[in-house]
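> Before we start, here is the structure in question, set down as structure tokens.
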């Protein structure tokens, strides 16, 4: 009976350049210490410390990326999001301020006609057109023009 074909995960694993997730890195045997009864406890502690230090060095050399605290990635993403939002708000406020200043300047700027200029509505800016279209407030009322006293009508 022929052997079963390899699974797709094996083929993908063969093409990958990263070590498998379940692979356990080989460990060095702990260094041997001298058997003296007086310093046995201190030497065993130093051996444990040296083992943990070598394990840390191996893990840092094996993975180039430093180990992050649990909430650090989320905090970084939140900081990026808030800075983007603040930057967007500041940009919109700045553009609004610029358009307001520009509109104010256009309203204050008078249109001076020189001799020979031909007046046509498309010569004017939109702000200038609004000034020309603006209705003037009435100075006189119909009652005033006719000279009617409304209070006399209620006798």
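In our numbering, the protein residues as written are 1 to 155. Note that CB positions come from ideal geometry on N, CA and C, so glycine has one too.
1) With a threshold of 7 Å, establish whether the CB of residue 126 neighbours any heavy atom of the ligand ATP.
2) Looking at the secondary structure, which residues open and close the alpha helix (DSSP H) in which residue 100 lies?
3) Could you tell me the distance, in whole angstroms, from the CA atom of residue 107 to the CA atom of residue 123?
4) Tell me whether residue 38 sits in a helix, a strand or coil according to DSSP, three-state version.
5) Between 96, 130, 93, which has its C-alpha nearest residue 111's C-alpha?
6) Indicate whether residue 143 and residue 150 have their beta-carbon atoms separated by less than 8 Å.
7) How is residue 44 classed by DSSP in three states: helix, strand or coil?
For this structure:
1) The ligand content of the structure shown is nil, which means the ligand ATP is not present either.
2) Here the question's residue 100 lines up with position 100 in the chain shown. That run of the alpha helix (DSSP H) goes 72–108.
3) For this step, residue 107 is matched to residue 107 along the chain shown. For this step, residue 123 is matched to residue 123 along the chain shown. The alpha-carbon atoms of residue 107 and residue 123 are separated by roughly 15 Å.
4) Taking the first residue of the chain shown as position 1, residue 38 is located at position 38. Since pLDDT at residue 38 reaches only 49, below the 50 mark, its modelled position is unreliable, and no value is offered.
5) For this step, residue 111 is matched to residue 111 along the chain shown. Out of 96, 130, 93, 130 has the C-alpha closest to the C-alpha of residue 111.
6) Along the chain shown, read from residue 1 onward, the residue named residue 143 stands at position 143. Along the chain shown, read from residue 1 onward, the residue named residue 150 stands at position 150. Yes; because the gap between Cβ atoms is below 8 Å, this pair is in contact.
7) Along the chain shown, read from residue 1 onward, the residue named residue 44 stands at position 44. Residue 44 falls in the helix class under three-state DSSP.
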